[in-house]
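Reading the sequence shown from the start, the letters are residues 781 to 1063 in our numbering.
Ideal Cβ placement from N, Cα and C applies to all residues, glycine included.
Here's the structure, in structure tokens; my notes come after.
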Amino acid sequence: VIGSSSFASSTSIPYHTAKEVIGMEENPLTALRQKRHASIPVGLRLLKEGVIDAFISAGNTGALVSAAKMILGTLPTIRRPALLAMIPTKKRPVAVVDVGANIQVKTEHLVQFARIAAAYLKARGIEHPRIGLLNIGSEPIKGTSESRLAYKALQSLPESPFRFVGNIEGKSVFDGEVDGLITDGFTGNVFLKTAEGIASLILDRLEAHIPSDLLDKLTPQLADLQRHLHYADYPGALLVGVKKIVIKCHGYSTPHSVGKAVFGAVELLKQNFMEVFPEKLIK
């Protein structure tokens, strides 16, 4: 909580106040050096010390990722932590890595993202995950030089812990034919927010154009559709690769979506995710 400590004494819920805040427009590294008492580093230090079990932030993404790496440290096999978000499909949700932590990546990072996605999915009960590489076409020659090299590297992995299904176009992601989707943080973030925007558009247009008498009859069906499409019903992005549970929410998150992130963190803790995930990562 950012603000006066008097607020913390007015409730039975324990609060830790922060004297500073890192703005969305600030340079992450500069802000972290100058604002040691900002909410992000304060919260992450509490997490490292064991005062809290998970940390959720809707703040500056760059500051959160950098601070988490510095304060919490990364798992032994991780070079770059990545943000993992779940996106609904026609079948079951797909894990997308990365959605904003690493704007520019090399081939080795994309290969690592595939391992991260596979380990996450295995930790959540999917033993033989199918991993795809987000691209502008399905052919191996499509995409940037890094994506073409990543395709070759993923295809030739010895004893791979997942099944690489090749390039996946954006429109095909929602068919549910892959369990994990790999991309750089820039493309992944644009893809995620575009998907959320289209889902909101569909729901809004349906509610605006269906007659009220028919709307009442379709309430159960529309409620099911909203649960399936509405991004706020999915927890925020998990920062995978650091030593504790850190979840990043959008800066424009609603109380409902932040609540979902809290419940998502609780679920991960109940499943002992931070004990299981590293084991799956090295297999």
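- Its chain contains no residue whose beta carbon lies nearer than 6 Å to that of G1039 once the 5 sequence neighbours on both sides are disregarded.
- Residue pairing from DSSP leaves L812 without any beta-bridge partner.
- Residue environment for N840: buried (at least 16 other C-beta atoms within 10 angstroms of its C-beta).
- Rounded to the nearest angstrom, the gap between the Cα atoms of I982 and H989 is 11 Å.
- By the Cβ rule, the stretch 915 to 927 does not count as touching the stretch 858 to 877, because fewer than three pairs are nearer than 8 Å.
- Taken through DSSP and simplified to helix, strand or coil, R904 comes out as coil.
- In the displayed model, M804 falls within coil according to three-state DSSP, outside both helix and strand.
- Assignment of T967 by DSSP, reduced to helix, strand and coil, places it in the helix class.
- Between A848 and V1026, the C-beta spacing is below 8 Å.
- Classified as buried, H1030 has 16 or more neighbouring CB atoms from the shown chains inside 10 Å of its CB.
- In the DSSP annotation of this structure, F954 is not part of any alpha helix (DSSP H), being labelled neither H nor E.
- By the neighbour-count criterion, in which a residue is buried when 16 or more other Cβ atoms sit within 10 angstroms of its Cβ, H1036 is exposed.
- Apart from sequence neighbours up to five positions away, the residues of its chain that approach P1015 with a beta-carbon distance below 6 Å are K1040, A1041, G1044, ordered along the chain.
- Note on geometry: alpha-carbon atoms of L863 and P920 lie some 25 Å from one another.
- Beyond the five residues adjoining it in sequence on each side, A899 comes within less than 7 Å, by CB distance, of F1057, K1060, L1061 in the same chain, given in chain order.
- As far as DSSP is concerned, T841 takes part in no beta bridge.
- In the DSSP assignment, K1028 forms a beta bridge with S837, A1017.
- For P861, the closest alpha carbon among the candidates N882, D984, T869, I867 is that of N882.
- Looking at the DSSP output, I858 bridges to nothing.
- Every alpha helix (DSSP H) of 4 residues or more that sits fully in the stretch 869 to 949 is shown, in chain order, as 887 to 903, 925 to 935.
- In terms of Cβ geometry, A834 and L986 do not form a close pair [threshold 8 Å].
- Scanning V970, G842, F942 for the CA closest to the CA of T810 turns up G842.
- Looking from the CA of L934, the closest CA among I948, L914, A894 belongs to A894.
- For the set G956, A975, L913, E957, the Cα lying nearest the Cα of G946 is the one of L913.
- By the neighbour-count criterion, in which a residue is buried when 16 or more other Cβ atoms sit within 10 angstroms of its Cβ, S992 is exposed.
- Looking at the DSSP output, L863 bridges to L1019.
- Residue environment: D959 is assigned as buried (16 or more neighbouring CB atoms within 10 Å of its CB, all protein chains considered).
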